[in-house]
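Protein chains: 2
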Amino acid sequence: MDSLCVLDEGSSHQRETFATETESVFKVREFSAAAHQAIEWLANMLSRDEVEGVRLQRPVDLMARARSLMTKADLGGFDARRFADILELYLETGIKVNSRGYMGRQFSSVMPVTAVFEMVSAMAPQPASYYEAGQLANIADRLIEEVFGRFIGWPQGSFEMVTTSGASLANMTAALVARNRRISGSWNGGLAVGCASRPAIAIGEDAHFSVSRIAGIIGIGQDQVIRLPLNKQRQICPERARAIIDGAMVQGLNVFCLIASAGTTAIGANDPLPELAALAKRHGAWLHVDAAHNGAFLVSDQLRPRLAGLELADSFCLDAHKTLFVPALCTLLFYREKGLAETAFPQKDSYVFDPFEDEMAAVQSGVKNFECTKRPSILNLWLAWSLYGRRAFADKLEQLVKITRSAYDYFIDQPDFIVPYQPESNILCFVHQPPGLSGNSLSSLQLELRNRVRAAGRYLLSKVDLNGQTMLRIVLMNDRVGLSDIAGMAAEIRRHAGDILENESTKGGQDLPVGLEPEE
Amino acid sequence: MDSLCVLDEGSSHQRETFATETESVFKVREFSAAAHQAIEWLANMLSRDEVEGVRLQRPVDLMARARSLMTKADLGGFDARRFADILELYLETGIKVNSRGYMGRQFSSVMPVTAVFEMVSAMAPQPASYYEAGQLANIADRLIEEVFGRFIGWPQGSFEMVTTSGASLANMTAALVARNRRISGSWNGGLAVGCASRPAIAIGEDAHFSVSRIAGIIGIGQDQVIRLPLNKQRQICPERARAIIDGAMVQGLNVFCLIASAGTTAIGANDPLPELAALAKRHGAWLHVDAAHNGAFLVSDQLRPRLAGLELADSFCLDAHKTLFVPALCTLLFYREKGLAETAFPQKDSYVFDPFEDEMAAVQSGVKNFECTKRPSILNLWLAWSLYGRRAFADKLEQLVKITRSAYDYFIDQPDFIVPYQPESNILCFVHQPPGLSGNSLSSLQLELRNRVRAAGRYLLSKVDLNGQTMLRIVLMNDRVGLSDIAGMAAEIRRHAGDILENESTKGGQDLPVGLEPEE
Numbered sequence: 001m002d003s004l005c006v007l008d009e010g011s012s013h014q015r016e017t018f019a020t021e022t023e024s025v026f027k028v029r030e031f032s033a034a035a036h037q038a039i040e041w042l043a044n045m046l047s048r049d050e051v052e053g054v055r056l057q058r059p060v061d062l063m064a065r066a067r068s069l070m071t072k073a074d075l076g077g078f079d080a081r082r083f084a085d086i087l088e089l090y091l092e093t094g095i096k097v098n099s100r101g102y103m104g105r106q107f108s109s110v111m112p113v114t115a116v117f118e119m120v121s122a123m124a125p126q127p128a129s130y131y132e133a134g135q136l137a138n139i140a141d142r143l144i145e146e147v148f149g150r151f152i153g154w155p156q157g158s159f160e161m162v163t164t165s166g167a168s169l170a171n172m173t174a175a176l177v178a179r180n181r182r183i184s185g186s187w188n189g190g191l192a193v194g195c196a197s198r199p200a201i202a203i204g205e206d207a208h209f210s211v212s213r214i215a216g217i218i219g220i221g222q223d224q225v226i227r228l229p230l231n232k233q234r235q236i237c238p239e240r241a242r243a244i245i246d247g248a249m250v251q252g253l254n255v256f257c258l259i260a261s262a263g264t265t266a267i268g269a270n271d272p273l274p275e276l277a278a279l280a281k282r283h284g285a286w287l288h289v290d291a292a293h294n295g296a297f298l299v300s301d302q303l304r305p306r307l308a309g310l311e312l313a314d315s316f317c318l319d320a321h322k323t324l325f326v327p328a329l330c331t332l333l334f335y336r337e338k339g340l341a342e343t344a345f346p347q348k349d350s351y352v353f354d355p356f357e358d359e360m361a362a363v364q365s366g367v368k369n370f371e372c373t374k375r376p377s378i379l380n381l382w383l384a385w386s387l388y389g390r391r392a393f394a395d396k397l398e399q400l401v402k403i404t405r406s407a408y409d410y411f412i413d414q415p416d417f418i419v420p421y422q423p424e425s426n427i428l429c430f431v432h433q434p435p436g437l438s439g440n441s442l443s444s445l446q447l448e449l450r451n452r453v454r455a456a457g458r459y460l461l462s463k464v465d466l467n468g469q470t471m472l473r474i475v476l477m478n479d480r481v482g483l484s485d486i487a488g489m490a491a492e493i494r495r496h497a498g499d500i501l502e503n504e505s506t507k508g509g510q511d512l513p514v515g516l517e518p519e520e
Numbered sequence: 001m002d003s004l005c006v007l008d009e010g011s012s013h014q015r016e017t018f019a020t021e022t023e024s025v026f027k028v029r030e031f032s033a034a035a036h037q038a039i040e041w042l043a044n045m046l047s048r049d050e051v052e053g054v055r056l057q058r059p060v061d062l063m064a065r066a067r068s069l070m071t072k073a074d075l076g077g078f079d080a081r082r083f084a085d086i087l088e089l090y091l092e093t094g095i096k097v098n099s100r101g102y103m104g105r106q107f108s109s110v111m112p113v114t115a116v117f118e119m120v121s122a123m124a125p126q127p128a129s130y131y132e133a134g135q136l137a138n139i140a141d142r143l144i145e146e147v148f149g150r151f152i153g154w155p156q157g158s159f160e161m162v163t164t165s166g167a168s169l170a171n172m173t174a175a176l177v178a179r180n181r182r183i184s185g186s187w188n189g190g191l192a193v194g195c196a197s198r199p200a201i202a203i204g205e206d207a208h209f210s211v212s213r214i215a216g217i218i219g220i221g222q223d224q225v226i227r228l229p230l231n232k233q234r235q236i237c238p239e240r241a242r243a244i245i246d247g248a249m250v251q252g253l254n255v256f257c258l259i260a261s262a263g264t265t266a267i268g269a270n271d272p273l274p275e276l277a278a279l280a281k282r283h284g285a286w287l288h289v290d291a292a293h294n295g296a297f298l299v300s301d302q303l304r305p306r307l308a309g310l311e312l313a314d315s316f317c318l319d320a321h322k323t324l325f326v327p328a329l330c331t332l333l334f335y336r337e338k339g340l341a342e343t344a345f346p347q348k349d350s351y352v353f354d355p356f357e358d359e360m361a362a363v364q365s366g367v368k369n370f371e372c373t374k375r376p377s378i379l380n381l382w383l384a385w386s387l388y389g390r391r392a393f394a395d396k397l398e399q400l401v402k403i404t405r406s407a408y409d410y411f412i413d414q415p416d417f418i419v420p421y422q423p424e425s426n427i428l429c430f431v432h433q434p435p436g437l438s439g440n441s442l443s444s445l446q447l448e449l450r451n452r453v454r455a456a457g458r459y460l461l462s463k464v465d466l467n468g469q470t471m472l473r474i475v476l477m478n479d480r481v482g483l484s485d486i487a488g489m490a491a492e493i494r495r496h497a498g499d500i501l502e503n504e505s506t507k508g509g510q511d512l513p514v515g516l517e518p519e520e
């Protein structure tokens, strides 16, 4: 390399090269050692078949344990033992999502090949916002878009899909498209310039907290969130919604966006989309559907009909990291009309005259998503889809919905359980009601049952408050869960309830503690 | 399990158990096979020492190749060959971040052990917003917060740190805290209620596009973004900034937030933080520092002084996935005053009376970050820190800054290169100026050089437009890059420039194409 002649650092360069070669060998060995160790731990975890929930540790205790694993040296090194200790602590403290005792939450273990791919895409990153850096990621977006377009029934080329990091971000992005479109000049002018009427968003009573939060974030204000009432199946009731929106309009609110749910967090309910699409149209409002949980029904011939009307939405999103079993976060955000995606975050005009750069710009997502650095998480979905095909996803999802329905039927037959809502998805709420208990005592009991069942470590349930009543809630994300596990869980609930009530009658009916439930 | 007696599905349950056991064995084998394959590919990649940039493929060609790898079957299966083909295509299409030819962008390969951990955390997820699901992740937040507090010099217990997914989100989150605090009632009331003065944000001319975008998103409006002028080192000039903000106030703007940079995207400049802190204080404005790129200087005794004044900021963020070499996205968002983090997205009051739930709530991040499902990416940083210690990070970062400075000194000595800004970080801009070329022709040449160098596949550079002049830009993220690589890259630039100018003089000075550069 003759350019080196100009440098007077030749000899130090040789040392440098030698050092980096040694370092490189070291790096590869270290990587291999760590990876093989991790595979062993994970394979072992996947092979286990114990019924486990979570083992909660007091934060102060866990802090001490974690602290003891941190090297005291200013410059440490790879230490296989320390690495194993950290892996062990991690796996020990996590929810046992691979166990049949896990019934608590909307996340799950993933299709194993996608976890492997996470390692690959961390080591050889393809940030996915721009084609230059994320060639395959941007192509995968287009291929998955095509696949889902067929399920939705939208003509190829007429719609568009953007992947983003989570439904919170997807819902906010869609709301921005709606705001920028319906509140003219809001992107540049802001909302502080006197609007004739105050902009407002209408959402269902059971909408996820991240949806109601959008109004606070994008400058609409939480007070301008109109809560639409639900029917007995906890779906938005279109007739009452119409009256409420009409009333809001009269009071000077401009309801520019209606956000419906396909799969509420609480019970997995699907709002009546055809009616809500008509309602939105009537008011010139944008219809967005938060289908984070149930949107995956699209891939199943059996379940797809439950999403009837989704094709009428202006936009909707689904979380592939929930019900398509790929690593978080992988959210697909769909717009019915192509060209709207880039109006969420309008940029100054970009000019491209080079045909090659043009082609690249046409497939890349940069100006359409919030992220600048974006993980190529769509590739996990594309990879699994390419290997396993549609039915692998559909089969698992159908099984989860089926076993949830079986759990419903099971509880219906139990005289000491109430199951108020027939499940539309893989989420089921129920109340354990021992004879003679009602009202607040019944609510407190459910909470205490959630706590005790969790503390016992075999099952993990969640809880939800609906109509002033605390209920237990299961989300079945693990298709190895069978009816025997449901029955086992019910038996455990009864046992704890017996203990609690016996203890209470001894103590003279002390109040049970009130707890905080993380919302999902 | 006697509860099973009540079920009439006993026999089908037995079949079910058998099926899931078989499936489980299959799953483990598949996982192992895929993981071992991936390790081999990655170890091979890490061992290579070729000088490579990126091999760009036309989207239409890549689409065809990717499509051919998708199973045609409705139900496929794990196919080691197909998996290998996909891995190969992925690695082939990515930027060769592990090569000495990669000088283009702000992302890099990661510390190998963190890539391994990505596989673990995908397979056994600990969503990090809530303690129940992410015990270790939430503890790691506290431990890393403690470590960085010492570097910043903030007293333990007085400040607070939240991890989030990317600096775009961190910057927006901090801006919301500022807005909610200074524009009273904006979270609930929105911005459409007549403010006495229009809220505005002041940012530097070189602020990242995601920063200027915040005003559009949170309802302030892009027109209310005040651009502060820069000095010759492309840092915000405090004196001129003061005059501009004073002028804006007179015109009815309420500048409630000032966003400075520590490491601009363009050239890595650090704004003068002590002066800007004083300026913000004078106007009662919030000072946020986007230290996405240079914030990592905190870990180095040598580089930390370059961040003087950062401790005066109300908030700042840094991207551990940039200059702390962990997988994207891992952003640390710091607030000088504890208790403010939860005012970004104010929630309805939560009540917790159970002491154990209280302890858990105290360490968890749920109400403080935008995400609901949040990857436990802080664990990558905590893991690497626990194994390797501070100096592993500091050494690498110092080496990158040192070699960038050497590259500057090298170019200074080349008569046909202009290097307008002495680097403060690992980013360097320069212009190749063959004799007789200036103005638009010089800009066009730089762009064409970027394109040709990229197309040749050995080096990857980026480009940037500053003061109407297109410049070439390198970001050194790979510490194996040495001066010989810089010299090699310069030689390649000269060769392409020779070709271009020869070709031009033959053709009679046709206009060179104008291209789109992805912003980082």
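Chains as they are written, first to last, in full-length UniProt numbering: chain Z, 1 to 520; chain C, 1 to 520.
For each residue, glycine too, the CB sits at the ideal point set by N, CA and C.
Any Cβ of chain C within less than 8 Å of the Cβ of LYS368(Z)?
no
Apart from the five residues just before and just after VAL363(Z), which ones in its own chain have a Cβ nearer than 8 Å to its Cβ?
TYR131, ASN138, ILE139, ASP141 and ARG142
Just to confirm the assignment, what range does the alpha helix (DSSP H) spanning ALA277(C) have?
273-282
At which residues does the beta strand (DSSP E) containing ASN254(C) begin and terminate?
253-261
Tell me the residue span of the beta strand (DSSP E) that contains THR331(Z).
331-335
Please report the distance separating the alpha-carbon of ASP416(C) from that of GLU205(C).
29 Å
Start-end ranges of the alpha helix (DSSP H) lying completely within the segment 111-166 of chain Z, minimum 4 residues:
112-123 and 135-152
Give me the Cβ distance between THR173(C) and ILE378(C), rounded to the nearest whole Å; I'm assuming they're in contact under 8 Å.
Between ILE378(C) and THR173(C) the Cβ distance is about 16 Å, and since that is not below 8 Å, they are no contact.
Which runs of the alpha helix (DSSP H) at least 4 residues long sit entirely within the segment 171-214 of chain Z? Give them in chain order.
186-189
Among ASP479(Z), ASP319(Z) and GLY436(Z), nearest to GLY263(Z) - alpha-carbon criterion
ASP319(Z)
Taking only three categories from DSSP, how would you classify SER108(Z)?
coil
Mapping the DSSP letters down to three states, classify LYS72(Z) as helix, strand or coil.
coil
Under the rule that 16 or more other beta-carbon atoms within 10 Å means buried, what is THR470(C), buried or exposed?
buried
Would ALA38(C) pass as a contact of VAL25(Z) if the rule is Cβ separation under 8 Å?
no
Against chain Z, does GLN156(C) count as a neighbour if the rule is that its beta carbon must be under 8 Å from one of theirs?
no
Can you give me the Cβ contacts of LYS387(Z) inside the same chain, cut-off strictly under 8 Å, excluding the 5 residues immediately before and after it?
According to the sequence as given, residue 387(Z) is Leu; it is not Lys. Only VAL113 meet the Cβ criterion.
At which residue ranges does the segment 287-367 of chain Z contain complete beta strand (DSSP E) runs of 3 or more residues, listed in the order of the chain?
315-319 and 331-335
Could one say the Cβ of PHE107(Z) lies closer than 8 Å to chain C's Cβ atoms, at least one of them?
yes
Would you say the segment 358-375 of chain Z touches the segment 304-324 of chain Z, given that touching needs at least three Cβ pairs under 8 Å?
no
Could you run through the segment 333-345 of chain C and flag, in chain order, every residue whose CB is less than 7 Å away from some CB of chain Z?
PHE345
Measuring only the C-alpha atoms, how far is SER210(Z) from PHE148(C)?
30 Å
Return helix, strand or coil for VAL514(Z), following the three-state DSSP convention.
The predicted position of VAL514(Z) is uncertain, since its pLDDT is 47 and thus under 50; a value taken from the coordinates is nonetheless stated next. Three-state result, VAL514(Z): coil.
Beta-ladder partner(s) of LYS463(Z), from DSSP:
LEU472(Z)
HIS496(Z) bridges to which residues according to DSSP?
The partner list for HIS496(Z) (beta bridge, DSSP) is empty, contrary to what the question assumes.
Cutting at 7 Å between CB atoms, please list the residues of its own chain near MET1(C), excluding the five before and the five after it.
Model confidence at MET1(C) stands at a pLDDT of 35, short of 50, so the residue's coordinates are unreliable; what they give is reported in the following sentence. Around MET1(C): no qualifying Cβ.
Between the C-alpha atoms of LEU445(Z) and ASP358(C), what's the straight-line distance to the nearest angstrom?
19 Å
For my contact list, LEU461(C) and GLY104(C) are in at a C-beta cut-off of 8 Å; report their separation, rounded to the angstrom.
6 Å
Can you name the residues that DSSP bridges to ILE44(C)?
First, the amino acid is wrong: residue 44(C) is Asn here, not Ile. In DSSP, ASN44(C) forms no bridge with anything.
Using a threshold of 8 Å, state whether the C-beta atoms of ARG181(Z) and THR331(Z) are closer than that.
no
Decide if SER505(Z) is buried, meaning its Cβ has at least 16 other Cβ atoms within 10 Å, or exposed.
exposed
DSSP state of SER505(Z) mapped onto helix, strand, coil
helix
Closest by CA to ILE245(C), which one among LYS232(C), ARG213(C) and ILE203(C)?
ILE203(C)
Quick one: residues in its chain with C-beta nearer than 7 Å to the C-beta of ARG65(Z), no 5 flanking neighbours on either side, listed in chain order?
LEU89
Measuring CA to CA, which of PRO155(C), VAL120(C), LEU46(C) and THR71(C) is closest to PHE334(C)?
PRO155(C)
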